[in-house]
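Here is the structure we will look at, set down as structure tokens.
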Amino acid sequence: MKPEHEIEGTLTSSHWGTYRVCTKDGSVVALKGFERDEDPSPIGQGIVDVLDGPTRIKAPMVRRGWLENGPGHAKGERGADDFIEVSWPRAIKLVVEELNRVRSRYGNQAIYGGSYGWSSAGRFHHAQSQLKRFLNSIGGYTYSLNTYSYAAAEVTLPHVLGDFYSMVNGATSWEVIKEHTDLFVAFGGAPTKNGQVTNGGVGRHVQKRGMLEATANGTKVVNVSPLRSDVLEEMNADWLAIYPGSDVALLLGIAYTLQEEGLADTEFLSTYTVGYEKFLEYLVGKVDGIKKDSAWAEVKTGLSAACIRDLARDMARQRTMISVSWSLTRQDNGEQPYWAAIAVASMLGQLGLPGGGIGFGYSAMNAIGANYQGIPGAALPQGNNPVQSFIPVARITDLLMNPGEKFEYNGRTGTYPEIKLIYWAGGNPFHHHQDLVRMREAWQKPDTVIVHEWCWNAQAKHADIVLPAATFLERNDIASSSRDPFLIYMQKAAEPAGQSLSDYEIFSKLAEELGAREDFTEGRDEEQWLNVIYNETREKAGANGIELPDFEAFKKKGWFENAMPQEPQVLLKAFRDDPKANALRTPSGKIEIFSETVASFGYEECPGYPFWNDPKEWLGQANPEYPMHLISNQPRTKLHSQLDHGSHSRNSKINGREPIVIHPIDAKIRNINDGTLVRIFNGRGACLCSAVVSDEVRQGVLQLSTGAWFDPPEAGNSDVSCRHGNPNVLTRDEGTSRLSQGPSAMTCMVDIEVYCGEVPPMKAHTPPVIRRET
């Protein structure tokens with residue numbers, strides 16, 4: 030680390046790290062890793078060449094058809110139309126008039142407030158909070174519940190363990206794993222590329238070090254994944270190349286072996302759990318006549334029965350940590366892998382012991398398993414939403430397509446309202462949603478789509494009114510996360526490009542015209558809000574024994590690190606030590622291997638205990654039309670789709686397109702070589718990619734990371750749905766089950782072929798045609 034006096038540049042923070050910002054003549058020329066970060070992410074550098082580049086939105090824009098014809102069904106023009114540059118007063122007037130029209134004619138439930146919160150690590154300029162606060166100040170909006178990352182777990186774990194977030198944040202520390210874990214079984218792997226990120230900001234990346242130190246100290250790793258690359262090569266993991274989507278079958282096969290061979294910890298089960306007997310009846314075949322033994326699991330998983338039995342025995346005779354990745358929840362029946370893993374961990378009887386038990390999402394974010402004490406921070410209050418209508422987050426296309434239709438969710442029945450106006454600030458649904466061809470069709474139905482955005486991604490191109498937003502480098506803010514020991518002052522490093530304004534400035538102008546300025550701003554500007562947020566954070570920190578400097582001293586230094594030592598965490602230790610005094614927040618106070626609550630919902634696919642359903646699409650069932658399973662995992666060179674147009678992401682592409690990894694045997698059958706332009710397709714859509722031939726994937730599996738900006742072709746080209754390589758033109762838009770209705774993108778069968786047609790030009794990073802209003 031460099032001495033502090035040698036460091037130049039202001040500080041900024043992002044979800045992928047903290048950086049020193051180097052400027053020249055008022056322009057950002059480089060981002061350098063924070064001196065306290067031992068393993069900074071290269072993602073940040075990707076913003077430098079695009080901050081003021083051709084994709085930047087520098088003035089308010091209105092889609093030509095909407096401006097000429099007014100609000101209404103877009104009839105396919107959203108995403109294909111030209112844009113007209115207008116003045117800020119004109120843009121504000123148009124937005125205000127449309128909000129008033131929709132509210133007065135249809136009510137606030139006709140407004141969908143869409144935001145996904147990842148656009149800034151700052152606590153004040155947090156787009157999701159800004160949008161929700163604004164919409165609440167004018168009467169509310171239809172909202173969403175849960176996240177695309179792990180919706181199935183968010184709903185399931187409260188029924189089984191009493192809570193989700195405390196189980197994630199309370200993960201057993203890597204230091205404990207290093208000292209006590211003999212066997213680390215990673216279902217879904219533990220890819221360090223995902224560990225570059227933590228929501229709210231990262232001051233120091235430690236995930237890679239934690240993993241390598243554990244294996245260097247003797248922890249053996251088993252990678253249960255169709256991708257060898259889901260675990261660092263240096264960890265020398267045993268690779269069990271399982272069929273995608275069959276983890277529950279493997280876990281049931283392990284559970285059967287533990288029970289059959291007398292390896293289950295009956296004392297732990299009787300003391301700390303309820304419902305094991307009910308689960309056991311299903312496991313041994315009393316419910317359906319099918320024993321879930323290793324021979325049964327062999328057929329479902331593609332792993333040998335002997336391998337399954339050996340793994341079960343290894344797990345029982347050693348201190349074992351079961352790790353389940355967040356990706357396991359994003360598949361058909363995505364509630365079941367976590368539930369089954371909890372059942373197996375309970376049978377092993379090691380929950381609450383150092384180095385044993387279960388962990389939810391090691392390496393999904395930098396913070397999971399990191400041994401430090403975060404700083405309890407304040408944030409911009411969002412206010413109260415009087416509108417009751419909601420959707421499970423991944424049901425947005427159903428919402429737009431099927432107004433008035435009922436849906437089931439976690440024991441509740443809801444009704445989709447009719448949405449007339451979408452207001453989106455932060456996030457890109459044309460990245461994170463599934464079946465984008467269907468979604469694009471649904472996106473035409475509302476009368477108006479309003480977006481705050483800084484670059485011409487697919488979300489901006491599919492809007493009617495685009496308001497240019499400042500980036501995190503163009504405003505002051507405070508980054509903090511309860512999962513990170515650093516508090517960062519994000520000092521403005523450059524002036525906003527063109528006419529860009531911060532989300533707060535935009536909403537303040539709108540609130541003024543709508544008579545809600547006082548409710549929205551409380552009479553404060555940016556600096557005053559930062560002062561309030563910091564001082565509330567300082568007060569909270571003080572109550573936890575953390576002494577923060579005053580605001581001016583904090584700003585001058587630029588960062589604060591909570592150096593308070595923390596006892597290494599062991600998940601569920603307090604519960605194990607005294608299950609009565611530290612009862613879980615389940616109805617029984619114990620681990621609910623069988624949940625009476627879930628059973629009472631009457632969902633056939635979720636009977637209340639870990640349960641196997643054959644996925645709707647998978648390698649375990651012959652599919653001659655679409656024989657390959659597509660894994661659409663998180664990208665290495667960007668966060669979601671952010672900075673896809675930046676240099677770091679572009680450098681990872683092949684001939685400008687996303688790389689897709691194919692096994693050598695599958696490639697040879699199809700005459701595919703490294704760099705071949707290929708078409709991946711199924712009944713939902715098709716995209717073009719560049720092939721990478723590698724045995725890092727299981728035979729029969731393709732791996733295509735998410736994040737490529739959606740690039741639909743012009744009308745008339747029907748053999749390609751995305752010219753750039755966005756896998757979500759292929760993925761299923763169906764809920765995991767009625768329990769959580771989470772996304773099921775990982776359940777996806779496709780085929781792949783050499784593309785022999787005329788190669789279409791890519792326009793993912795090309796702005797639309799823009800004209801000035803006359």
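To convert a position in the sequence shown, counted from 1, into my numbering, add 29. Using N, Cα and C, we set each Cβ at its ideal position, and we do this for glycine too.
Checklist entry - Quick one: what's got a C-beta closer than 7 Å to Ile694's C-beta in the same chain, skipping five residues either side? => result Residue mapping note: residue 694 aligns to position 665 of the sequence shown, counting from 1. Only Gln728 meet the Cβ criterion.
Checklist entry - Of all the options Asp317, Gly146, Glu470, Leu269, which has the alpha carbon lying nearest to the alpha carbon of Glu12? => result Residue 12 lies beyond the residue range present for the chain, which begins at 30 and ends at 803; the question has no answer from this structure.
Checklist entry - Near Ala522, what residues of its chain come up, given a Cβ to Cβ distance below 7 Å and the 5 sequence neighbours on each side ignored? => result Indexing the sequence shown from 1 puts residue 522 at position 493. Closer than 7 Å at the Cβ level, and outside the excluded window around Ala522, lie Thr39, Thr41, Val50, Thr52, Val57, Leu502.
Next on the checklist: Given this structure, state the Cα-to-Cα distance separating Tyr367 from Leu186, to the nearest angstrom.
Outcome noted: Within the sequence shown, the letter at position 338 stands for residue 367. Within the sequence shown, the letter at position 157 stands for residue 186. Between Tyr367 and Leu186, the C-alpha separation is close to 8 Å.
Item to check | Through-space distance from Tyr518 to Asn505, alpha-carbon basis | outcome: The residue labelled residue 505 in the question sits at position 476 within the sequence shown. The residue labelled residue 518 in the question sits at position 489 within the sequence shown. Cα to Cα, the separation comes out at about 8 Å.
Item to check | Integer-rounded CB distance, given that Phe739 should sit under 8 Å from Leu496 | outcome: By 1-based counting over the sequence shown, the position of residue 496 is 467. By 1-based counting over the sequence shown, the position of residue 739 is 710. Not confirmed; about 21 Å, so no contact.
Next on the checklist: What residue range does the alpha helix (DSSP H) around Ser195 cover?
Outcome noted: Translated into positions along the sequence shown, residue 195 becomes position 166. 194-198 is the span of the alpha helix (DSSP H), which, as asked, contains Ser195.
Item to check | Assigned secondary structure, Glu35 (DSSP; H/G/I helix, E/B strand, else coil) | outcome: One-based indexing of the sequence shown puts residue 35 at position 6. Confidence in Glu35 is poor, its pLDDT being 36 and thus under 50, which makes the residue's placement unreliable; the coordinate value appears in the next sentence. In this structure, Glu35 counts as helix in the three-state DSSP scheme.
Item to check | Inter-residue spacing [alpha-carbon to alpha-carbon] between Gly587 and Gly232 | outcome: Within the sequence shown, numbered from 1, the residue matching residue 587 stands at position 558. Within the sequence shown, numbered from 1, the residue matching residue 232 stands at position 203. Roughly 12 Å separates the two Cα atoms.
Next on the checklist: I'd like to confirm the pairing. Which residues does DSSP put opposite Ala720 in its beta bridges?
Outcome noted: Residue numbering aside, residue 720 sits at position 691 when the sequence shown is read from its first letter. Answer by DSSP bridge pairing, in chain order: Ile689.
Checklist entry - Quick one: what does DSSP say Tyr563 is sitting in, helix, strand or coil? => result For this step, residue 563 is matched to residue 534 along the sequence shown. Reduced to three states, the DSSP call for Tyr563 is helix.
Checklist entry - Of all the options Lys307, Asn642, Ile425, which has the alpha carbon lying nearest to the alpha carbon of Tyr445? => result In the sequence shown, the residue the question calls residue 445 occupies position 416. Nearest C-alpha to Tyr445: Ile425.
Checklist entry - In angstroms, rounded to a whole number, what distance separates the CA positions of Glu126 and Arg85? => result Here residue 126 is taken as the residue at index 97 of the sequence shown, counted from 1. Here residue 85 is taken as the residue at index 56 of the sequence shown, counted from 1. When rounded, the distance between both Cα atoms is 27 Å.
Checklist entry - To the nearest whole angstrom, what separates the beta carbons of Leu731 and Met778, a pair I think is in contact under 8 Å? => result As a working mapping, residue 731 is identified with position 702 in the sequence shown. As a working mapping, residue 778 is identified with position 749 in the sequence shown. Rounded, the Cβ-Cβ distance is 10 Å, inconsistent with contact.
Checklist entry - Leaving out the 5 sequence neighbours to the left and right, which residues in its chain are closer than 7 Å to Ser670 when beta-carbon positions are compared? => result By one-based count along the sequence shown, residue 670 stands at place 641. Same-chain partners within the cutoff: Asn457, His460, Asn486, Gly736, Trp738.
Checklist entry - Can you tell which of Trp472, Trp483, Phe549 has the C-alpha that lies nearest to the C-alpha of Leu410? => result One-based indexing of the sequence shown puts residue 410 at position 381. In the sequence on display, residue 410 carries Pro and not Leu. Closest option to Pro410, Cα to Cα, is Phe549.
Checklist entry - In whole angstroms, what is the alpha-carbon distance linking Glu556 and Thr295? => result Taking the sequence shown and counting its residues from 1, the one referred to as residue 556 is at position 527. Taking the sequence shown and counting its residues from 1, the one referred to as residue 295 is at position 266. Approximately 59 Å between the Cα atoms of the pair.
Next on the checklist: Let me confirm a value: Asn413 is counted as buried when at least 16 other C-beta atoms fall within 10 Å, else exposed. Which label applies?
Outcome noted: On the sequence shown, position 384 is the one that residue 413 refers to. Asn413 should be labelled exposed.
Item to check | 7 Å Cβ shell around Gly440 - same chain, five flanking residues per side excluded | outcome: Counting from one through the sequence shown, the residue named residue 440 turns up at place 411. Excluding sequence neighbours, Gly440 sits near Phe630.
Next on the checklist: By the three-class DSSP mapping on this structure, what secondary structure does Met30 have?
Outcome noted: Taking the sequence shown and counting its residues from 1, one reaches residue 30 at position 1. Low local confidence applies: a pLDDT of 42 at Met30 is under 50, so the model's placement there is unreliable, and no value is given.
Checklist entry - If you follow the alpha helix (DSSP H) that Arg708 is part of, which residue opens it and which one closes it? => result Here residue 708 refers to the residue found at position 679 of the sequence shown. Unbroken run through Arg708 is the beta strand (DSSP E), 706-710; no alpha helix (DSSP H).
Next on the checklist: Please report the straight-line C-alpha distance between Asn165 and Glu542, rounded to a whole angstrom.
Outcome noted: Looking up residue 165 in the sequence shown gives position 136. Looking up residue 542 in the sequence shown gives position 513. Approximately 15 Å between the Cα atoms of the pair.
Next on the checklist: To test your reading of the DSSP string, which unbroken beta strand (DSSP E) runs of 3 or more residues are found completely within the segment 412-479?
Outcome noted: 419-421, 435-438, 441-444, 450-454
Checklist entry - In the structure shown, what three-state DSSP assignment does Ile487 receive? => result The sequence position of residue 487 within the sequence shown is 458, counting from 1. Residue identity check: residue 487 is Ala in the sequence provided, not Ile. Ala487: helix per DSSP, three-state reduction.
Next on the checklist: Check this for me: beta carbons of Phe63 and Gly46, under 8 Å apart or not?
Outcome noted: The residue you call residue 63 lines up with position 34 of the sequence shown. The residue you call residue 46 lines up with position 17 of the sequence shown. Taking 8 Å as the Cβ cut-off, Phe63 and Gly46 qualify as a contacting pair.
Checklist entry - Where Gly363 and Gly151 are concerned, what is the direct C-alpha to C-alpha distance, given to the nearest angstrom? => result As a first step, residue 363 is located in the sequence shown; it is residue number 334 there, counting from the start. As a first step, residue 151 is located in the sequence shown; it is residue number 122 there, counting from the start. Whole-angstrom Cα-Cα distance: 31 Å.
Item to check | Gln806 - partner residues in DSSP beta bridges | outcome: With the chain represented from 30 up to 803, any question about residue 806 goes unanswered, as that position is not in the structure.
Checklist entry - Using DSSP with H/G/I as helix, E/B as strand and the rest coil, what is His481? => result Here residue 481 refers to the residue found at position 452 when the sequence shown is read from its first residue. Reduced to three states, the DSSP call for His481 is strand.
Next on the checklist: Using the Cβ count rule (16 or more neighbours within 10 Å means buried), how would you classify Gly169?
Outcome noted: Translated into the one-based positions of the sequence shown, residue 169 becomes position 140. That one is buried.
Item to check | Meets three-Cβ-pair contact criterion under 8 Å: the segment 371-390 and the segment 467-481 | outcome: no
Checklist entry - Skipping 5 residues on each side, what residues in its chain have a beta carbon closer than 6 Å to that of Ile397? => result One-based indexing of the sequence shown puts residue 397 at position 368. Only Ala200, Gly390, Tyr391 meet the Cβ criterion.
Item to check | Backbone CA spacing between Gly73 and Ala696 [nearest angstrom] | outcome: The residue given as residue 73 occupies position 44 in the sequence shown. The residue given as residue 696 occupies position 667 in the sequence shown. Cα-Cα distance, rounded: 34 Å.
Item to check | Backbone CA spacing between Tyr177 and Ile113 [nearest angstrom] | outcome: If you number the sequence shown from 1, residue 177 lands on position 148. If you number the sequence shown from 1, residue 113 lands on position 84. Cα-Cα distance, rounded: 33 Å.
Next on the checklist: I believe Gly224 touches Asp513 by the beta-carbon criterion, under 8 Å. Please report the beta-carbon distance rounded to the nearest angstrom.
Outcome noted: Translated into the one-based positions of the sequence shown, residue 224 becomes position 195. Translated into the one-based positions of the sequence shown, residue 513 becomes position 484. With 8 Å as the limit, Gly224 and Asp513 do not qualify as a contact, their Cβ atoms being about 13 Å apart.
Item to check | Environment of Ala715 [buried if 16+ CB atoms lie within 10 Å] | outcome: By 1-based counting over the sequence shown, the position of residue 715 is 686. When all chains shown are included, Ala715 counts as buried.
Item to check | Contacts around Glu524, its chain only, beta-carbon distance under 8 Å, and the 5 residues preceding and following it disregarded | outcome: In the sequence shown, counting from the first residue as 1, residue 524 sits at position 495. If we look at Glu524 and ignore the five residues flanking it on each side, its Cβ neighbours are Gly55, Glu503.
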